[in-house]
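Worksheet: the structure to be examined is printed underneath.
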Amino acid sequence: MSINGKVLPHTPLAVDFWQVRKCPGTRLFFLSHMHSDHTVGLTSTWSNRPIYCSQTTATLLRLKLQVKEQWIHPLELGEPHQLPLDDIGKERLTVTLIDANHCPGAVMFLFEGYFGSILYTGDFRYTPSMLREPCLRTNTTIDVLYLDNTNCDPNRTLPSRQRATQQIKDIIRSHPNHNVVIGLYALGKESLLLELAMEFKTWIEVSFERMETLKALELPDVFTTDTGAGRIRAVEQSQICSATMQQWNKEQPTLAIMPTSRPLVSFHSKVHVVPYSDHSSYQELEDFVAALKPTSLVPIIGNCVPESLSALLPGKRRHEILVPESVRHYMLNQPESQRSSSAHTRLHHQQRQHFLPLAPKGVIFESPLSKSRKSCEEACEPESLEQDASEEQMDTASSENGSILIDMSKNRPPDKNIKVLETCGTLLEWSLKIWYGQTQCVVANPPRTSLLQWRL
Ligand SMILES: [Zn+2]
1 MSINGKVLPH TPLAVDFWQV RKCPGTRLFF LSHMHSDHTV GLTSTWSNRP
51 IYCSQTTATL LRLKLQVKEQ WIHPLELGEP HQLPLDDIGK ERLTVTLIDA
101 NHCPGAVMFL FEGYFGSILY TGDFRYTPSM LREPCLRTNT TIDVLYLDNT
151 NCDPNRTLPS RQRATQQIKD IIRSHPNHNV VIGLYALGKE SLLLELAMEF
201 KTWIEVSFER METLKALELP DVFTTDTGAG RIRAVEQSQI CSATMQQWNK
251 EQPTLAIMPT SRPLVSFHSK VHVVPYSDHS SYQELEDFVA ALKPTSLVPI
301 IGNCVPESLS ALLPGKRRHE ILVPESVRHY MLNQPESQRS SSAHTRLHHQ
351 QRQHFLPLAP KGVIFESPLS KSRKSCEEAC EPESLEQDAS EEQMDTASSE
401 NGSILIDMSK NRPPDKNIKV LETCGTLLEW SLKIWYGQTQ CVVANPPRTS
451 LLQWRL
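For the sequence shown, the UniProt record's numbering assigns the number 1 to the initial residue and increments by one for each residue that follows.
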């Protein structure tokens, strides 16, 4: 599992990063949401360090990972919260949580302090209403934008979730005699399931484990664990393969739907991949970056963003960070269980109060660069700490025995049965004809970069 988290250089902060031995100077840990690629290393044995997250994520953190209550610090969305950055009460940061429009409990974090302003999106699907959040409306200069670049490919377009939902409804409607399985991760796309339940007036069948999560989220009562009670069933994505499709179709005509933005291609006539995405499309990322005009941009996955995106930056240089003495001391000290616990319990009570954002302190501003920085190396902040390289977002859903889904974003054909026959089309619309074993298949608009690598 790749790690989609970061330690924020020159600060005692980390987001979605839980490998304590790799970040000895980190004292405050933030969890953007409960997808498993953001919780790698976080277990029930977590201790001595506070975790800040939304209320919903806190609920799921207790339920799913059994993290001890004393380390979980839920924060309200939309309010500025002050947290200590040292042991002597001198230096503080302000953090504001913003709904990330991704999955239940998912938030973005806006950090303000001696380091300037850092916006960490976590996984998010951009919507213009985000820019109307008071904390982003106040003309704050974002010094560093950590951006969810899952779908950051200018050659790929993605429909809105509304359009993708419509596509899913159309597929189900055109198969009136079929049961439907929907391939999902353990968390996310609950609103899609609710909409399908209402549209087709059916129970949604789920596993006991998923039901536990749904109950904790207090969603409307359309879910059941009774086998055969509903026409639609939510399953893990990895369950959809040729063996299960065969099994399900023996019992009842069944089609499978994979709502995902990953460029999967289905080789099974009854498995439909629909580009329903909880991550921003490239166009949405462009809109977001163009509106925020951050001084620098750090992709959360990998190290590079397309030049067309970094070209939107205003071409300023980020000011140099001076880490205050008391913060440096704080980062060098190992937390003591007792002291850390009581200090943060105290803060937890203070968090109900409203605080005004602090003006950045201890910062030296440099004059802007004369030319805009367009190359990737210039636009991306170098990470000062060693971190695990993020690979692809998730493991491919295709199962090894009976692979019917192929991830076109991988560097080369994942299966030796695939042979590229020909490519055709124009710059905007193009397709790829391939053999998959004995089956010939046409893939519309595959990701261009992958294709070039495939042909090599
Ligand atoms: Zn996620």
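Even for Gly, the Cβ is constructed at its ideal location relative to N, Cα and C.
- Ranked by Cα distance from residue 278, the options 94, 159, 68 and 80 are led by 159.
- In the DSSP assignment, residue 110 forms a beta bridge with 96 and 119.
- Here residue 177 is exposed. Its C-beta has fewer than 16 other C-beta atoms within 10 Å.
- Assignment of alpha helix (DSSP H) within the stretch 261-327, counting only whole runs of 4 or more residues, yields 282-292 and 307-310 in chain order.
- For residue 54 and residue 99, the gap between their C-alpha atoms comes out near 9 Å.
- Residue 82: not part of any alpha helix (DSSP H); member of the beta strand (DSSP E) spanning 81-84, first to last residue.
- One thing to note: residue 148 has its Cβ within 8 Å of the Cβ of residue 124.
- With fewer than 16 other Cβ atoms from the protein chains shown falling within 10 Å of its own Cβ, residue 226 counts as exposed.
- At the C-beta level, residue 298 and residue 10 stay beyond 8 Å of one another.
- The three-state reading of DSSP puts residue 201 in coil, since its state is none of H, G, I, E or B.
- Burial state of residue 137 is exposed, judged by a 10 Å Cβ sphere holding fewer than 16 other Cβ atoms.
- Per DSSP, the beta bridge partners of residue 233 are 181 and 205.
- Taking a cut-off of 8 Å for Cβ pairs, the stretch 229-240 and the stretch 192-200 touch, as three or more such pairs fall below it.
- Residue 91 is a Cβ neighbour of residue 114, given a cutoff of 8 Å.
- DSSP places residue 53 within a strand segment (E or B) once states are collapsed to three.
- When secondary structure is reduced to three states using DSSP, residue 330 falls in the helix class.
- Taking residue 72 as reference, the option from 165, 59 and 38 with the minimal CA-CA separation is 59.
- Set against 7 Å, the gap from the CB of residue 123 to the closest heavy atom of ligand 1 is smaller.
- Per DSSP, residue 171 lies in no beta strand (DSSP E); the unbroken alpha helix (DSSP H) holding it starts and ends at 161-173.
- Secondary structure at residue 258: strand, using DSSP grouped into helix, strand and coil.
- Residue 144 has 118 and 296 as its beta-bridge partners, per DSSP.
- Here the stretch 182-189 lies against the stretch 203-220, with 3 or more beta-carbon pairs under 8 Å apart.
- With a cutoff of 7 Å, residue 103 counts as near ligand 1, since its C-beta is closer than that to a heavy atom of the ligand.
- Taking C-beta atoms under 8 Å as the contact rule, residue 146 and residue 284 fail to qualify, at a distance of about 16 Å.
- In this structure residue 214 is not in contact with residue 236, their Cβ atoms being roughly 15 Å apart against a cut-off of 8 Å.
- Look at residue 329: its beta carbon is at least 7 Å from all of the heavy atoms in ligand 1.
- Under DSSP, residue 73 takes part in a beta bridge, and its partners are 52.
- Residue 13: member of the beta strand (DSSP E) spanning 13-15, first to last residue.
- Secondary structure note for residue 219: it is in no beta strand (DSSP E), with a DSSP letter that is neither H nor E.
- For residue 28, the enclosing beta strand (DSSP E) starts and ends at 28-30.
- Here the C-alpha atom of residue 74 lies approximately 19 Å from the C-alpha atom of residue 26.
- Within its own chain, the residues whose Cβ lies closer than 7 Å to the Cβ of residue 154, once the five positions on either side in sequence are excluded, are 282, 306 and 308, listed in chain order.
- Around the Cβ of residue 6, a 10 Å sphere holds 16 or more other Cβ atoms; the residue is buried.
- Here residue 224 is bridged, per DSSP, to 205.
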